[in-house]
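Sequential numbering of the sequence shown, starting at 413, is according to the UniProt record's numbering.
One structure is given here, and the rest of the page talks about it.
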Amino acid sequence: NSKQCGGGGYRWYSILLAEEVEWTLKLHNQLQHALSEQQFELYYQPVVEVRSQEIVGIEALLRWHHPEQGMLSPADFLQAIETGGLMVEVTDWVLRQACTDLNRLMEETGRILWVSVNISPNHFVRGDVVSSVKSVLESTGLEPACLNLELVESTFLSFDEPVRRALDEIRTLGVGLMIDDFGAGFSSLNYLKKVPASRIKIDRSFIRDVVSDSADAAITRGVIALAHKLNLQVVGEGVEDRYQLAFLLRNHCDLVQGFLPGPPMPFEQLRTHELSAETRAAFAEVHGRESGN
Ligand code: C2E
Ligand code: MG
Ligand code: MG
Ligand code: MG
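Here you go:
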């Protein structure tokens, strides 16, 4: 009877597999239409400079208004973009939209801001990100210093000639480089010497319990100190409450980002976004204490 059982198990397994393959194929087809049907949207999350307590930059985060499933986050479809070979097209769209929106925002506010765009490791290593960046800067007229690329550590796992050349070219253009999710990848620290980055973002897994977990606190303090010794600015990501924010402020983090200072939001909302009272209170508390008030 165990044979029957096994057979049934196998059949069940192949049904699941077939469903998954079918779903993946469907997703690929739908993704191809997503660009032409304008189903993608960029959400923007503010990045706040600690010194000025002002929003100085924004991160572009991709959303997909799926015709049947509603709004999807990158975790739901980024892999399908990658395996479907659509990453170059999608990144080009993201770059263009982000630079266009930033131009508009700067015109309206009369302030200089930057936007950062996430680049997938595969695309950076295999694709021609440099020419995409050049062409978007040309067509939008955005100052190169107003654009940042966010790269995760695995981008630097193989630090071969094409990667090194692309990094240098981006830096020569004047576009900023930011190392995203710092500490969460499997890369060695060796690449920190070689990557011409201007900022690193401490992964939010360290920030989550930074107030209660002494190891997370030690790592976060250590990373900030290390980064400053290397002349890198530090962004703390995933800041959800005033205690986490106060910790980062006390430990000289340069920039903060998270649901507390501002969640990712549509462009229309970003234009009128103000820092919450709770965020302001945490700033006032820490700054007040430091200046002895
Ligand atoms: P990431 O670049 O590390 O982006 C930060 C993620 O953390 C975002 O998720 C954001 O919504 C979320 N987040 C921000 N603040 C908080 C917080 O306080 N608490 C918590 N729990 N989460 C917070 P999202 O938008 O789902 O994006 C996930 C990842 O997808 C991004 O991680 C990035 O690696 C990738 N991604 C997003 N947009 C693009 C894109 O246009 N191109 C590429 N290649 N990747 C993208
Ligand atoms: Mg990012
Ligand atoms: Mg990140
Ligand atoms: Mg992340």
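Note that CB positions come from ideal geometry on N, CA and C, so glycine has one too.
Minimum Cβ-Cβ distance from residue i to chain C less than 8 Å
| i | result |
| --- | --- |
| D580 | Absent here is chain C; the protein component of the structure consists of one chain. |
Pair within 8 Å by beta-carbon distance, residue i and residue j
| i | j | result |
| --- | --- | --- |
| residue 724 | N530 | Given that the chain is displayed from residue 413 to residue 705, the structure contains no residue 724 and the question cannot be resolved. |
| K606 | D593 | no |
| I619 | Q645 | no |
| Q669 | E466 | no |
| residue 706 | V587 | Limits of the chain in this structure are 413 at one end and 705 at the other, which puts residue 706 out of reach. |
| L667 | V647 | yes |
| F489 | W476 | yes |
| residue 732 | E680 | This structure does not reach residue 732, given that the chain is present from 413 up to 705, and the question cannot be answered. |
| L484 | Q444 | no |
| V698 | L672 | no |
| A487 | L439 | no |
| L569 | S617 | no |
Limits of the unbroken alpha helix (DSSP H) element including residue i
| i | result |
| --- | --- |
| P574 | 573-585 |
| V541 | 541-552 |
| V537 | 533-538 |
Nearest candidate by alpha-carbon position, reference residue i, set the options
| i | options | result |
| --- | --- | --- |
| L473 | M518, Q457, S688, I467 | Q457 |
| L604 | R516, E431, D540, M590 | M590 |
| T503 | V545, V468, V462 | V545 |
Three-way DSSP call (helix, strand, coil) for residue i in this model
| i | result |
| --- | --- |
| Q450 | coil |
| S617 | helix |
| H664 | coil |
| M634 | At residue 634 the sequence reads Gly, which differs from the Met that was named. In the structure shown, G634 sits in a helix (DSSP, three-state: H, G or I). |
| S414 | Because the pLDDT at S414 is just 43, under 50, the model does not fix this residue reliably, and the value given afterwards should be weighed accordingly. Looking at S414 - three-state DSSP - the assignment turns out to be helix. |
| N705 | Interpretation of N705 is limited by its pLDDT of 46, a score under 50 that renders its predicted location unreliable; no figure is taken from the coordinates. |
| residue 706 | Outside the shown range of the chain (413 to 705) lies residue 706, about which nothing can therefore be said. |
| L561 | strand |
| R611 | strand |
| I524 | coil |
| D488 | helix |
Endpoints, the beta strand (DSSP E) within which residue i is located
| i | result |
| --- | --- |
| L517 | Premise fails: L517 lies in the alpha helix (DSSP H), 499-521, not in any beta strand (DSSP E). |
| N602 | Premise fails: N602 is in no beta strand (DSSP E) and is neither H nor E. |
| L589 | 588-594 |
Supposed close pair residue i, residue j - CB separation, criterion 8 Å
| i | j | result |
| --- | --- | --- |
| E565 | G597 | 3 Å |
| L661 | A694 | 7 Å |
| L525 | C558 | 7 Å |
| S532 | E494 | 6 Å |
| V548 | C511 | 5 Å |
| P454 | L514 | Checking the sequence, you will find Leu at residue 454 rather than Pro. Actually they are not in contact, since the Cβ atoms of L454 and L514 sit about 10 Å apart, beyond 8 Å. |
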